[in-house]
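S.K.: Line order of the protein sequences matches chains G and W. Residue numbers for the first sequence follow this note's numbering, so the first one is 11 and each next one is one higher. Residue numbers for the second sequence follow this note's numbering, so the first one is 483 and each next one is one higher. Structure incoming, see below.
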Amino acid sequence: MRGAARAAVRAVRPGVAPVRGAASASGVLEGSGGRIWDLCVGLEVHAQILSSSKLFSGAPSAGSTEAAWAGPNDCVALFDAALPGALPVVNRHCVLQAVRAGLMLGGEVQPVSVFERKHYFYADLPSGYQITQNRMPIVRGGQLTLEVPTGKKGRDFRREVVRLDRIQLEQDSGKSSHTLDPERSLVDLGRAGVALIEVVTFPDLTSAESAAAFLRKMQAVLRHGGVCDGNMELGSMRCDVNVSLTERGGEAGERVEMKNLASVRAVARAVEHEAQRQLEMLDAAAGRGDTVFRVPRETRSFDMGSGQSARLRGKEDAPDYRFLPDPDLAPLRVGKAFVDRARATLPEDLDALRQRLTEAPIGLSEYDAGVIVGAPGGARFFEQALLAARSLQPETASLGKTVCGWLTTEVLGRLNDAGAALIDTGAGSAGGEGQVAFRESDAGWDAEAEAEAASASAASPAAARWWSDKCPISPEQLGHVAGLVDAGEISGAAGKRVVALLFGEARRGQAADAAEAAAARASGVVATVDRLGLRQVSDDALVRAWCEAAVKDPSAAAALDKLAKGRDRAMGALVGMAIKQSGGKANPSRVAQLMPEVAAAALEARASG
Amino acid sequence: MRAAVIARCRGAAPLAARSARDDGCRFVSSLPNDACELIATVGESEQAAGDMFRRFVRRARAAEPSLNAYVDLAKEEEEDGPTGPVTGLLGGVPLGAKASFCVEGTVSDACSDVLDRYRPPYTATAPARLLESGCRLVGKHNQDEFAMGAANLYSAAGPAVNPHSPGLLDARHKAILTPGGSSGGSAAAVAAGSCLVALGSDTGGSVRLPAAYCGVVGLKPTYGRLSRHGLIAFASSLDTPGVLARCVADAALALDAAAGTDPLDDTTVRQSRIAPEALPTRADIARMLDSPAGQPVSVSSAAAAAPGAFSPALVHARRPTAAGRSAAGPDAPLPEGLRAAIAGKRVGILAECHVAELPEAALRSWQEGARWLEDAGAVVVPVSVPEVRTALPAYYVLAPAEAASNLSRFDGVRYGLRAEGAAPAEGEGDAAGRSTGGLERMYTATRSEGFGPEVQRRILAGNFVLSAEAKSSYYDAAVAARRALRLAMEGLFGQGGVDLVLTPTAPDMPADITAAVKAGQSSGAAVADPLAQYLGDVMTVAANLADLPAVSVPVGMTELSGSGASLPTGLQLMAARQDERTLLHAAAVLEWYAPFATRAVWPWDERA
């Protein structure tokens, strides 16, 4: 049924290669009667800011260490519970994070922004209003460049640029838990008042894939800057989607909003589903002869399990939020010096970093560079590992790729399997923390920004461990392994053995030896390689001797026969035998280089003998 | 509880004969008349401070059946107090606070049933600072519910009563009068001397109007001078904690002790707290009271030169009281310090306050006040600020809008009243299938039961003016009117303009509420015409809309429409933002000349 419905949607946009599978991927739909519809998608991404305390109170924020240990309603200040008389005070660090996000996304930080109250009644909204920004957000404009996968394996992609409308700073709500008792719900205010940024795009996205790519890219950028851990499954990043269909040459279609989507896949599925639903409505209307039919503007919920959406409310019962500038909060003034300081705390731009990784001397493929920068902490880990690898040997053209390969398969692969990441989410790699009360002059903000930047730079020595405890291997250790492999000093298998040892894993048939793992971690990769005798032999005389021993061995006869008949692939077997002769110590590439010569000599000897 | 109030009020008999003096000093008590006197009397004796406090509590308890000024009152025996010498500037001063101020463990319910005698887990900044400087809390004061009202009739605790009510003081009269509102209990308590300093809140005149009706000093400082942290909000951009006191010097002392930036209130002005060493010591205050006004007194050098403090000069220039201790006689000349502070200042007489309804007597005292300031060397000029005419309508749009927003937190979920409402109807729930029917029923029942009629009226009005269809023609228009008023006031107080503006505080005399009191009415059923009450704020709202400091000073007794009984009258001064110095000096000048210098009204005192 679903497949049939999908088949009705054919991709016809000229110049854009149709994509297998999801038919709506190109964003152009063909309806009945040959009418062409463009899919327009806009997103509102809500991301919890990494900070130790909430936006307007001193209570521990979600993702802080305190909150991780807290039970329901433990992290609640007077203001968060909206006790009579309690007032909000802006957390300067949250403002800093929003400004940093704005700068990373190429937006314009506004010198004056205003907090407003958005009113509605719900049990997990204690004050009866959410403090948000409406008419004057903290950041306007900006854009995000996406890599939208086009190939089957996702190794090919096209770039799209999505314009951002604004970034606003606002409060999260609490959480309601509905119990079996229909007359009783439980409310946890632990999340109430946690700082969010809401990033609003223009409806520039043209497909479900673009929407998914946008979210992945937004996750990568926010994680890269330490603004948000981007964990959609745990709710630290959430998304509302606006979908509309506009007939080619016609006026913009009415948009339908899908609320609170909790994963990248859910966003993609919701866009597909909604595009299809709207197309069916439009086709059905056309079938009735109604060609001016407009999709009713409404808000819907999308259920990932059933793949179905349900109407929440329409235009006529849309709530009137009665926005009011919050009289408890003076307009937020962000001076130039504050912005400059925020800029100074930013890491290298993600796209620039990715570009640099693909260029000489590192030379990664676009795909590999994408994987590295897409993993939180990946680029930093990679660059530190590469530095360590370079310290062991002169730079080779392959070194970057080798390090990347070892990082992605041996480290990220393992962590991924364990459901872990290089960076523990929530620890907050972002600078210092501060509550601020003074907003009369920018001087106060700027002076404090300066002090904070100074303390942040002093507090982050490069040598300190910054990656997750779940990753026992350090960038230096990984770099040394990759460097030794790249230089042919150890075999790939030996390298894997060292990595497994550092991860404390058991070898086949043996128990894990914690003492050995600890010794390996303490003594370092090079000493471990030497202690275990893993270093390869590349010396020509020794390698030649092993090759000769191999071809002389009776077991080589069959391979030599094949070789004599011109079946060159038998050379591989001989190389393997020579390595076996060496007890695994011979450098395979040296063996491969010398073996043809030795084998030719042996065949010649056989022919003449 | 309300029935008890009725019974007490009916039984309240006039207790003493009038004093021969005409200045309002009707009864003589051995208790200090004001905080300055108390400080000088107590010295550093903890014993004396404790005894004194118990006597004030006893007085408050004795007056309570007639005045209904308190919603929570300390017990005499409870007060043991700290041991060791009393050193805090306000050590031993009996303090009261409006029920809108959160004070840990005390009833802080803004006199609303929705808060159901709520006792908060924390103390607001303003009372906390006064308690830190040594004040002792006598109790929490009655008020209009959420500070919405001008007569203290809209209170869950029933109406408070003006201690100057002829019906209480004189057997020949029957009238029981309103103390004004919304800080009605505070003004009544200070006037009755059951506390000497009180914290009120002033959103549209709620400190100044009852101060004028009850004959005490009512100070509304610049918006942001005193922290709102812990003050239950009415309209946040207008709410200003204020001080009610028995003389200008007391108000200045309390302001000095409580003012300064509060990291818990984003809207406090950036101004550090006044260091204790910059204030006069208790010994300084005693010396100043004992020396003839105008004579130099040696005070600690820091206090003499204190840049931010208001009180040192004012304590020294304090008007001597008839009953209290002072070396100066009642006819002493204006102290040089006050004359120097006021000489050459320009005082505007605001044409827009010269309304037709103004009683003849109020007009006379206004003219008299202007003459006193002229005598002190000020230059009096007529001024006009047409924008003031739109102040009252703008106020009655902005204040309800913010109130509707602020009061949305009272939903029965976390504290206060929770009414369950009627049984659920079949098939209730939101579109997502969640059952919200129960929650909404609870909200509706709680808010319908908990809020009184005036509060409900303002919530409805506020939500209307913020609604999509009405916002631009009401809320946005009111914001524009407020901005225009602020600009006009800035112009008025700017270069070449005036330093002060003098107006009457109230447009009328306090209303007779005998019927309401007898019926034990609260919650406003007794108020026939709510609009008429809104007019009570006509003189005062401009200062709130423009964030200006303003003060009401009692200047005399006015005869109540041919009855032979007379009531206090107040004059209001306004000054430029942050210029409490000029404001308080001018207030002290009025106080010095006025025949009514906040005299005691305490027929309820123990007879020695």
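Think of the CB as a built atom: it goes at the ideal place given N, C-alpha and C, for glycine as much as any other residue.
Roughly how many angstroms lie between the CA atoms of residue 924 of chain W and residue 599 of chain W, to the nearest whole one?
M.R.: By one-based count along the second sequence, residue 924 of chain W stands at place 442. By one-based count along the second sequence, residue 599 of chain W stands at place 117. Each residue's alpha carbon lies about 19 Å from the other.
S.K.: What is the DSSP secondary structure of residue 579 of chain G, counted as helix, strand or coil?
M.R.: Sequence index remark: in the first sequence, residue 579 of chain G carries index 569 (1-based). Coil.
S.K.: For residue 1051 of chain W, write down the residues that DSSP places opposite it in a beta bridge.
M.R.: Residue mapping note: residue 1051 of chain W aligns to position 569 of the second sequence, counting from 1. Answer by DSSP bridge pairing, in chain order: W:1038.
S.K.: Give the secondary structure of residue 382 of chain G by DSSP, where H, G and I count as helix, E and B as strand, and everything else as coil.
M.R.: Taking the first residue of the first sequence as 1, we reach residue 382 of chain G at position 372. The answer is helix: DSSP assigns residue 382 of chain G an H, G or I state.
S.K.: Using only alpha-carbon positions, find the residue among W:611, W:815, W:648 and W:645 that is nearest to residue 681 of chain W.
M.R.: As a working note, residue 681 of chain W is residue 199 in the second sequence. Cα-wise, what sits closest to residue 681 of chain W is W:611.
S.K.: Closer than 8 Å, Cβ to Cβ, to anything on chain G: give me those residues from the stretch 677-710 of chain W, in chain order.
M.R.: Hits within the stretch, in order: 710.
S.K.: Assign residue 602 of chain G to one of three DSSP states: helix, strand, or coil.
M.R.: Stepping through the first sequence from its first residue, residue 602 of chain G is reached at position 592. Of the three classes helix, strand and coil, the one that applies to residue 602 of chain G here is helix, per DSSP.
S.K.: Quick one: which chain W residues come within Cβ less than 7 Å of residue 88 of chain G?
M.R.: Walking along the first sequence from the start, residue 88 of chain G turns up at place 78. Ordered by position in chain W, the residues that pass the 7 Å Cβ test against residue 88 of chain G are 604.
S.K.: Name the chain W residues whose beta carbon is nearer than 7 Å to that of residue 200 of chain G?
M.R.: Within the first sequence, the letter at position 190 stands for residue 200 of chain G. Going along chain W, no residue has its Cβ under 7 Å from residue 200 of chain G, so there is no contact; the nearest lies around 14 Å.
S.K.: Let me confirm a value: residue 534 of chain G is counted as buried when at least 16 other C-beta atoms fall within 10 Å, else exposed. Which label applies?
M.R.: As a first step, residue 534 of chain G must be located in the first sequence, where it is residue number 524. Counting Cβ neighbours within 10 Å, residue 534 of chain G comes out exposed, since fewer than 16 surround it.
S.K.: Let's see if you can read the secondary structure: which residues bound the alpha helix (DSSP H) around residue 361 of chain G?
M.R.: On the first sequence, position 351 is the one that residue 361 of chain G refers to. Element bounds for residue 361 of chain G: 360-368.
S.K.: Check residue 1006 of chain W in the structure and name its three-state DSSP category.
M.R.: By one-based count along the second sequence, residue 1006 of chain W stands at place 524. Confidence at residue 1006 of chain W is low in this model, with a pLDDT of 49, below 50, so the placement of that residue should be treated as unreliable; the coordinate-derived value is given next. Assigned with DSSP and collapsed to three states, residue 1006 of chain W falls in coil, not helix or strand.
S.K.: What are the boundary residues of the alpha helix (DSSP H) that residue 313 of chain G is part of?
M.R.: Position 303 of the first sequence, counting from 1, holds the residue named residue 313 of chain G. From DSSP, residue 313 of chain G is part of no alpha helix (DSSP H) but of the beta strand (DSSP E) over 308-313.
S.K.: If you check the beta carbons only, do residue 422 of chain G and residue 385 of chain G fall under 7 Å apart?
M.R.: By 1-based counting over the first sequence, the position of residue 422 of chain G is 412. By 1-based counting over the first sequence, the position of residue 385 of chain G is 375. Going by C-beta atoms, residue 422 of chain G is nearer than 7 Å to residue 385 of chain G.
S.K.: So if I threshold CB-CB distances at 9 Å, which residues from the stretch 583-612 of chain W count as touching chain G?
M.R.: Within the stretch 583-612 of chain W, the qualifying residues are 583, 584, 590, 591, 592, 597, 600, 602, 603, 604 and 606.
S.K.: Using 7 Å as the threshold, is the C-beta distance between residue 688 of chain W and residue 629 of chain W below it?
M.R.: Counting from one through the second sequence, the residue named residue 688 of chain W turns up at place 206. Counting from one through the second sequence, the residue named residue 629 of chain W turns up at place 147. Yes, they are a contact pair.
S.K.: What's the gap between the Cα of residue 425 of chain G and the Cα of residue 506 of chain G?
M.R.: As a first step, residue 425 of chain G must be located in the first sequence, where it is residue number 415. As a first step, residue 506 of chain G must be located in the first sequence, where it is residue number 496. The alpha-carbon atoms of residue 425 of chain G and residue 506 of chain G are separated by roughly 15 Å.
S.K.: According to DSSP, is residue 499 of chain G part of a helix, a strand, or is it coil?
M.R.: Translated into the one-based positions of the first sequence, residue 499 of chain G becomes position 489. Three-state result, residue 499 of chain G: coil.
S.K.: So is residue 118 of chain G buried or exposed if we call it buried at 16+ other beta carbons inside 10 Å?
M.R.: Counted from its first residue, the first sequence places residue 118 of chain G at position 108. With fewer than 16 other Cβ atoms within 10 Å, it is exposed.
S.K.: Are the beta-carbon atoms of residue 693 of chain W and residue 1034 of chain W separated by less than 7 Å?
M.R.: Against the second sequence, residue 693 of chain W aligns to sequence position 211. Against the second sequence, residue 1034 of chain W aligns to sequence position 552. In contact: residue 693 of chain W and residue 1034 of chain W (Cβ atoms closer than 7 Å).
S.K.: Run through chain W and tell me which residues come within less than 8 Å of residue 343 of chain G, C-beta to C-beta.
M.R.: The residue labelled residue 343 of chain G in the question sits at position 333 within the first sequence. Result: empty, since nearest Cβ-Cβ is about 12 Å, beyond 8 Å.
S.K.: Tell me which residues share the same chain as residue 893 of chain W and place their Cβ nearer than 6 Å to its Cβ, disregarding the 5 neighbours each side in the sequence.
M.R.: Numbered from 1 along the second sequence, position 411 holds the residue referred to as residue 893 of chain W. If we look at residue 893 of chain W and ignore the five residues flanking it on each side, its Cβ neighbours are 925.
S.K.: Secondary structure at residue 248 of chain G, three-state DSSP: helix, strand or coil?
M.R.: Position 238 of the first sequence, counting from 1, holds the residue named residue 248 of chain G. Correct three-state label for residue 248 of chain G: strand.
S.K.: Run down chain W in chain order and give the residues with a C-beta less than 7 Å from the C-beta of residue 129 of chain G.
M.R.: To locate residue 129 of chain G, count along the first sequence from 1; it is residue 119. The contacting residues are 887 and 890.
S.K.: Alpha carbon to alpha carbon, what distance is there between residue 203 of chain G and residue 85 of chain G?
M.R.: Here the question's residue 85 of chain G lines up with position 75 in the first sequence. Here the question's residue 203 of chain G lines up with position 193 in the first sequence. Linking residue 85 of chain G to residue 203 of chain G through their CA atoms gives a straight-line distance of about 10 Å.
S.K.: What does residue 193 of chain G reach in chain W if we use C-beta pairs closer than 7 Å?
M.R.: Position 183 of the first sequence, counting from 1, holds the residue named residue 193 of chain G. Simply 920.
S.K.: Across the stretch 89-97 of chain G and the stretch 244-254 of chain G, are there enough close Cβ pairs to call them in contact, namely three or more that are closer than 8 Å?
M.R.: Touching, no, given that fewer than three Cβ pairs across the two stretches are closer than 8 Å.
S.K.: Counting pairs of beta carbons, one from the stretch 659-675 of chain W and one from the stretch 636-650 of chain W, are three or more of them closer than 8 Å?
M.R.: yes
S.K.: Looking only at its chain, what residues have a beta carbon closer than 6 Å to the beta carbon of residue 522 of chain W, apart from the 5 residues adjacent to it on each side?
M.R.: Taking the second sequence and counting its residues from 1, one reaches residue 522 of chain W at position 40. Cβ neighbours of residue 522 of chain W beyond the five flanking positions: 767, 768 and 771.
S.K.: Let's see if you can read the secondary structure: which residues bound the alpha helix (DSSP H) around residue 840 of chain W?
M.R.: Your numbering for residue 840 of chain W matches position 358 in the second sequence. That residue, residue 840 of chain W, is in no alpha helix (DSSP H); it is neither H nor E in DSSP.
S.K.: Along the chain, where does the alpha helix (DSSP H) that runs through residue 288 of chain G open and close?
M.R.: Stepping through the first sequence from its first residue, residue 288 of chain G is reached at position 278. Note, residue 288 of chain G: alpha helix (DSSP H), 274-297.
S.K.: Less than 7 Å separating the beta-carbons of residue 964 of chain W and residue 1027 of chain W?
M.R.: Taking the first residue of the second sequence as 1, we reach residue 964 of chain W at position 482. Taking the first residue of the second sequence as 1, we reach residue 1027 of chain W at position 545. At a Cβ-Cβ threshold of 7 Å, residue 964 of chain W and residue 1027 of chain W count as neighbours.
S.K.: Quick check: the Cα distance between residue 194 of chain G and residue 188 of chain G, rounded to an integer number of angstroms?
M.R.: The residue given as residue 194 of chain G occupies position 184 in the first sequence. The residue given as residue 188 of chain G occupies position 178 in the first sequence. Rounded to the nearest angstrom, the two C-alpha atoms are 7 Å apart.
S.K.: Given this structure, state the Cα-to-Cα distance separating residue 383 of chain G from residue 365 of chain G, to the nearest angstrom.
M.R.: For the purposes of this step, residue 383 of chain G is identified with residue 373 of the first sequence, where counting begins at 1. For the purposes of this step, residue 365 of chain G is identified with residue 355 of the first sequence, where counting begins at 1. About 10 Å.
S.K.: For residue 545 of chain W, which of W:527, W:647, W:636 and W:580 has the nearest alpha-carbon?
M.R.: Residue mapping note: residue 545 of chain W aligns to position 63 of the second sequence, counting from 1. Residue W:647 holds the alpha-carbon nearest to the alpha-carbon of residue 545 of chain W among W:527, W:647, W:636 and W:580.
S.K.: Does residue 989 of chain W come out as helix, strand or coil in the three-state DSSP assignment?
M.R.: Here the question's residue 989 of chain W lines up with position 507 in the second sequence. In this structure, residue 989 of chain W counts as coil in the three-state DSSP scheme.
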